[in-house]
Amino acid sequence: MKNNKHIAMWSCPRSRSTAMARAFEQLDECMVFDEPLFGAYLVKRGLDQPCEEREVGQYLETNHEKVIQKITGSLPEGVSFSFQKHQSKHALPEFGRNWLKSLNNFFLIRNPKEIILSYHKLYKKKLTMDHIGIEYHYNLFR
Numbered sequence: 391m392k393n394n395k396h397i398a399m400w401s402c403p404r405s406r407s408t409a410m411a412r413a414f415e416q417l418d419e420c421m422v423f424d425e426p427l428f429g430a431y432l433v434k435r436g437l438d439q440p441c442e443e444r445e446v447g448q449y450l451e452t453n454h455e456k457v458i459q460k461i462t463g464s465l466p467e468g469v470s471f472s473f474q475k476h477q478s479k480h481a482l483p484e485f486g487r488n489w490l491k492s493l494n495n496f497f498l499i500r501n502p503k504e505i506i507l508s509y510h511k512l513y514k515k516k517l518t519m520d521h522i523g524i525e526y527h528y529n530l531f532r
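If you're matching positions, the sequence shown starts at 391 in the working numbering and goes up one per residue.
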């Protein structure tokens, strides 16, 4: 069996994590997963997000067990490792935590003031701590 390496980056929204993911996309032997738990998160928490309802289920996997199996499992031939861009708030406690041990995890941290200003500038709606996800980020780190 092939030894798979999975690198998981955990962040809050608006933490410049997309730039990191795009850099890893340029590597030939790397498979990038961009917020793979988002669909499952939306099903559990609702659609108070900047996406359209038709995207859920059509474009996003909504079964967290299938997602976890995919991001911790075997990689296709020719792929040496995966890079996973995650928002910490998408890893809901009901999804379990044991699977995290099969990943090489690191946490991207941006000044919360900058996160909040960036999020508000983009979405222009009333923000809650749940939108920003700083508490989820901290709890996942612990």
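Glycine is no exception: its CB is placed at the ideal position from the N, C-alpha and C atoms.
Taking C-alpha positions only, G436 is separated from L417 by approximately 35 angstroms. When Cβ pairs closer than 8 angstroms are counted between the two stretches, the region 453-471 is seen not to touch the region 496-514, the count staying below three. CA-to-CA, the gap between C402 and I499 works out to about 8 angstroms. A contact between stretches requires three or more CB pairs, one per stretch, nearer than 8 angstroms, and the region 515-526 fails this requirement with the region 467-475. In the three-state DSSP reduction, D424 falls in the strand class (E or B).
In terms of Cβ geometry, H396 and N494 form a close pair [threshold 8 angstroms]. The C-beta separation of F531 from F497 comes to about 5 angstroms, placing the pair in contact by the 8 angstroms criterion. Each residue's CA atom was taken as its position, placing I524 and G468 some 36 angstroms apart.
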